[in-house]
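Each residue of the sequence shown is one higher than the one before, counting from 675 in the working numbering.
C-beta atoms are modelled at their ideal positions from N, C-alpha and C, and glycine is treated no differently.
Inspection log for the structure reproduced underneath, given as structure tokens.
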Amino acid sequence: MPDFRIAPSILSANFARLGEEVSAVIEAGADIIHFDVMDNHYVPNLTIGPLVCEAIRPCTQAPIDVHLMVKPVDALAAAFAKAGADIITFHPEGSEHIDRTLGLIKEAGCKAGLVFNPATPLHYMDYVMDKLDIVLLMSVNPGFGGQQFIASTLAKLAAARARIDAYERSSGRRIRLEVDGGVKIDNIAEIARAGADAFVAGSAVFGAGRDSDANRYDTVIAALRAQLGEI
Ligand code: DX5
Ligand code: ZN
């Protein structure tokens, strides 16, 4: 069984209690904090910047996975590396020089990844595989939480998995295949079978908190993991 990673998106967390939400969701068994950055330019919404990353950094040891939905990318990527990000991903449409941006992220000591919108072709990864730690497929159009999973992502995941497996066989280097948007308890198993090994879930996690759970999200994280356990 692959070592699956669950990455709750704090976009759907309670921002008035963000530090507690971050600690709780990791204590509840999640692996990674997914941090959605929107600039009201590349996507029609505005969220959080490096100051917030710096503020939550002491709340957990878990990796912070910064998903940049911004244009341009480079200056913000550097600022997030300084603010404590572990992983930084961006959309190829946001950068004029994709190879350079990946290099800047790696030089700043972070893992780097490319994010593919539903209609963005996979060939953007072809000549930069050596610099990629993560490939993130969007299963919704970026900009908002709570949207419905786009079914054609399953075939695209299988195609991305084939490319990554071929690369891993020839290079010995691991690249994670992450999916973002509309991931829920009732579809995570199917998404894993299509080839994903890391799963961003916002509304499905933060919308399912229980006061009766020790860490508010234990039940929902366990339910997501139970689905993955059957792969
Ligand atoms: C969308 C963001 C996602 C979003 C996922 O642009 O990149 O990370 O928060 O939210 P859900 O899981 O609610 O679709
Ligand atoms: Zn995201």
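Item	Value
May I have all residues whose beta carbon comes closer than 5 Å to any heavy atom of ligand 2, sorted in chain order?	Asp710, His741, Asp854
Compare the beta carbon distance of Phe709 and Val744 with 8 Å and say whether it is the shorter of the two.	no
If the criterion is Cβ atoms closer than 8 Å, does the pair Gln822 and Ala863 meet it?	no
Taking 7 Å as the cut-off, is the CB of Gln901 close to at least one heavy atom of ligand 1?	no
Could you tell me the distance, in whole angstroms, from the CA atom of Pro676 to the CA atom of Ser844?	19 Å
Within 10 Å of its beta-carbon, does Glu695 have 16 or more other beta-carbons around it, so buried, or fewer, so exposed?	buried
Compute every distance between the C-beta of Leu811 and the non-hydrogen atoms of ligand 1, then say whether any falls below 7 Å.	no
Which one or two residues does DSSP pair with Glu852 in a beta bridge?	Leu810, Ala872
Expressed to the nearest angstrom, what Euclidean distance is found between the alpha-carbon atoms of Arg679 and Glu770?	31 Å
Among residues of its own chain, excluding the 5 on either side of Cys727, which ones have a beta-carbon nearer than 8 Å to its beta-carbon?	Phe709, Ile738, Val740, Phe754, Ala757, Gly758, Ala759
Within a Cβ cutoff of 8 Å, which residues of the same chain sit near Glu904, ignoring the five residues on either side of it in sequence?	Ala863
Check this for me: beta carbons of Gly693 and Ile730, under 8 Å apart or not?	yes
Have a look at Val894, Val874, Val802, Ala875 and flag the residue whose alpha-carbon is nearest the alpha-carbon of Ala882.	Val894
Please classify Asp760: does DSSP put it in a helix, a strand, or coil?	coil
Could you tell me which whole beta strand (DSSP E) segments of length 3 or greater appear in the region 705–778?	707–712, 738–743, 761–764
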